[in-house]
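**Q**
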Amino acid sequence: MAGAFAELTTPTLLFAGSADALVQRVEVESAAQRATAAQVHWVDDCGHLAPTERPGEFLKVAQTFLDSVHARPGMTA
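Taking my numbering, I'd label the letters of the sequence shown as residues 68 to 144.
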């Protein structure tokens, strides 16, 4: 998983569940470190399908992330 992230140069949000049984926390953190502009949002007591398990939280976090990306110089919608 982390290897492919090394090629990412665009702002990236990783929305991850702290109780994910399929993807380990260390893998998510490694992927975020390899990407140029990645950030991780951890969802407590949440599994692999964090956006569907916590849709309200996902929408708030995603909107904040997208607003911050749009506000960066050189980024347009």
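Beta carbons: idealized from backbone N, C-alpha and C, even for Gly.
Can you have a look at residue 84 and say buried or exposed, based on whether 16 or more other CB atoms are within 10 angstroms of its CB?
**A** Burial call: buried.
**Q** Pull the bridge partners of residue 84 from the DSSP assignment, please.
**A** Paired residue(s): 110.
**Q** Give the secondary structure of residue 105 by DSSP, where H, G and I count as helix, E and B as strand, and everything else as coil.
**A** DSSP places residue 105 in strand when its eight states are reduced to three.
**Q** Name the one or two DSSP bridge partners that residue 79 has.
**A** Looking at the DSSP assignment, residue 79 forms a beta bridge with 105.
**Q** Any C-beta of chain B sitting closer than 8 Å to the C-beta of residue 91?
**A** Looking for chain B here will not work: only one protein chain is present.
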